[in-house]
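Below you can see the structure in the form of structure tokens.
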């Protein structure tokens, strides 16, 4: 019985590592969906992989993306931010993270990139990721009583 459990844990650890490696970085919820595992199982496996130095957690606000290393995290974050800028620039002057998420969902290229790393459902975790990316791309938000509103400033490069 213990041998089967050990084999199953090792197999799950390899599946999680392969999924993170292929995406570069992935949110916890994305890994749960793709691998069809329970929250506790995935949490245990990611903690073991982190102890082994095979993955690390990178935080966007309060949400962790699980990445293979810092370089992969930087690459993913730059790609997400640039895609977010492409989606918003020229279309809107002001945007909330929820509005940005709706525009991302309509753009096929952006949708494909974002869905590799986070879910595209309008849940608090995804909105937090978009909010953090917008803050990095456009600076501090104009605050309202309910949600952040960002002034979308797009600089033309010569």
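Residue numbers (this note's numbering): 1252 to 1409. We put the CB at the ideal spot given by N, CA and C, even for glycine. Since the model is a prediction, treat every value here as computed from it, not as a measurement.
Legend entry - Residues sharing a beta bridge with residue 1279, DSSP: According to DSSP, residue 1279 bridges with nothing at all.
Inset, instruction - For residue 1270, collect the residues of the same chain with a Cβ closer than 8 angstroms to its Cβ; drop the 5 residues on either side in sequence, then sort them by chain order. - result: These residues qualify, in order along the chain: 1277, 1282, 1285 and 1286.
Legend entry - Beta-carbon proximity list for residue 1361, same chain, < 6 angstroms, skipping 5 on both sides: Around residue 1361: 1334, 1338 and 1355.
Legend entry - Residue nearest to residue 1315 in terms of C-alpha spacing, selected from 1299, 1289 and 1380: Selection 1299, 1289 and 1380 evaluated against residue 1315 yields 1380 as nearest (Cα-Cα).
Legend entry - Residue environment, residue 1310, which counts as buried when at least 16 other CB atoms sit within 10 Å: Its Cβ having fewer than 16 others within 10 Å, residue 1310 is exposed.
Legend entry - Distance CB(residue 1378)-CB(residue 1389) smaller than 8 angstroms: no
Inset, instruction - Spatial neighbours of residue 1312 within its chain, please: CB distance less than 8 angstroms, with the 5 preceding and 5 following residues excluded, ordered by chain position. - result: 1379, 1380, 1382 and 1383
Inset, instruction - State yes or no: is the C-beta of residue 1368 within less than 8 angstroms of the C-beta of residue 1327? - result: yes
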